[in-house]
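Chains as they are written, first to last, in the numbering used here: chain E, 645 to 762; chain G, 39 to 233. Note that the Cβ used here is the ideal one computed from N, Cα and C, for glycine as well.
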């Protein structure tokens, strides 16, 4: 049993080795070209595009810009007009009156001042 | 890093000529087998060439500075994982093709395979060899991938069980099982052809 298996494996190995030896010239040439290309590309170091000091300098510059913007936002005084507008908006939203009442608010102001005068 | 280690590394990086020659010699020694292994696995010469070139490039890029005795096992491992990657991609491509109503890749035949080679010094002997090779190739191609890997690495590359297990990234027990099943299957198909 083992002897037959050995015989079979030897025969298979011989066929494979013959195939390796008799590989056609076109494939051999393509393999050679592939090997040379792999070695050339593989050993080529990536070209350095920027000097080494540029990377930390860029990092510092970005950090400085971020800090400047954050500082401006943090320390700038709140706009009073904006605050006022926001408060009046909240009044409008929470009031129980009809929205048309607020549209005619100028008229009611005049009416009020007119009745005070008389 | 020690002073000596730094010096050694510095020397390796500054003289790329020596590794180039050693790599060329090593790859020239394994490229034909690698190609045939990939062709048996993938069933296509063009894809096999692509896979072999990828494996070569990966070896050079990642392991050129390793010792020469390490390149063999590393190259087998890279080649086997490239073949597995290719199979996985081909399976997805095939599935998409079937979904969109096209033919599967396995249905296609290479018309070049049907053209007879007229440059043969001994036509009957070459025909016999070619027939034996074609039969063996077809039988190996039909094996499940793991059995195929175990058979090729053990029989052809001559790796022992431990080296095969490292290349296949599995246990030694699995290698024994895959190899024994591969031999059993191949014998069942080929015993009459290879005597």
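Of the listed residues the options, nearest to residue i (C-alpha basis)
| i | options | result |
| --- | --- | --- |
| residue 120(G) | 201(G), 187(G) and 181(G) | 187(G) |
| residue 665(E) | 71(G), 60(G) and 58(G) | 71(G) |
| residue 659(E) | 180(G), 169(G), 134(G) and 200(G) | 169(G) |
| residue 653(E) | 209(G), 194(G), 198(G) and 212(G) | 194(G) |
| residue 60(G) | 84(G), 85(G), 106(G) and 81(G) | 106(G) |
| residue 212(G) | 84(G), 57(G) and 189(G) | 189(G) |
| residue 81(G) | 62(G), 174(G), 137(G) and 138(G) | 174(G) |
| residue 214(G) | 185(G), 227(G) and 226(G) | 185(G) |
| residue 670(E) | 122(G), 83(G) and 227(G) | 83(G) |
| residue 63(G) | 683(E), 706(E) and 753(E) | 683(E) |
| residue 662(E) | 127(G), 136(G) and 171(G) | 171(G) |
| residue 57(G) | 651(E), 672(E), 709(E) and 688(E) | 688(E) |
Own chain residues within Cβ distance below 7 Å of residue i, not counting five before or after
| i | result |
| --- | --- |
| residue 113(G) | 68, 93 and 97 |
| residue 111(G) | 201, 204 and 205 |
| residue 124(G) | 80, 85 and 89 |
| residue 667(E) | none |
| residue 228(G) | 173, 174 and 177 |
| residue 719(E) | none |
| residue 650(E) | none |
Same chain only: Cβ atoms within 6 Å of residue i, ignoring 5 sequence neighbours per side
| i | result |
| --- | --- |
| residue 65(G) | 94 |
| residue 224(G) | 177 |
| residue 191(G) | 197, 202 and 205 |
| residue 216(G) | 184, 185 and 188 |
| residue 646(E) | none |
| residue 179(G) | 78 and 81 |
| residue 109(G) | 64 |
Same chain only: Cβ atoms within 8 Å of residue i, ignoring 5 sequence neighbours per side
| i | result |
| --- | --- |
| residue 200(G) | 210 |
| residue 181(G) | 189, 220, 223 and 224 |
| residue 717(E) | none |
| residue 752(E) | 745 |
| residue 742(E) | none |
Exercise for review: Say whether the segment 93–109 of chain G touches the segment 216–224 of chain G, bearing in mind that this needs 3 or more beta-carbon pairs closer than 8 Å, one atom from each stretch.
Suggested key: no
**Study point:** Near-chain E residues of the segment 177–206 of chain G - C-beta to any C-beta below 8 Å
**Key:** 193 and 194
Check your understanding: Taking one C-beta from the segment 108–117 of chain G and one from the segment 63–81 of chain G each time, how about it: are there three or more such pairs within less than 8 Å?
Key -> yes
Check your understanding: At a cut of 8 Å, does the segment 86–94 of chain G reach the segment 673–689 of chain E through at least three beta carbon pairs?
Key -> Yes, the segment 86–94 of chain G is in contact with the segment 673–689 of chain E.
Point to revise | chain E contacts made by the segment 70–95 of chain G, where a contact means CB separation under 8 Å | key: Within the segment 70–95 of chain G, the qualifying residues are 70, 71, 73, 74, 83, 87, 90, 91, 94 and 95.
Check your understanding: Within the chosen definition, does the segment 192–210 of chain G reach the segment 695–714 of chain E through at least 3 CB pairs nearer than 8 Å?
Key -> These segments do not touch.
Point to revise | Cβ-based contacts, 7 Å cut-off: residues of the segment 649–664 of chain E near chain G | key: 649, 652, 653, 655, 656, 657, 659, 660, 662, 663 and 664
Exercise for review: Give, in chain order, every residue of the segment 214–230 of chain G whose Cβ lies closer than 8 Å to some Cβ of chain E.
Suggested key: 221, 224, 225, 228 and 229
Review point. If you measure beta-carbon to beta-carbon, which residues of the segment 703–718 of chain E are closer than 9 Å to chain G?
Key: none
Point to revise | Near-chain E residues of the segment 95–118 of chain G (beta-carbon distance less than 9 Å), N- to C-terminal order | key: Flagged, chain order: 95, 96, 97, 98, 99, 100 and 102.
**Study point:** Near-chain E residues of the segment 55–66 of chain G (beta-carbon distance less than 8 Å), N- to C-terminal order
**Key:** 57, 58, 61, 62, 65 and 66
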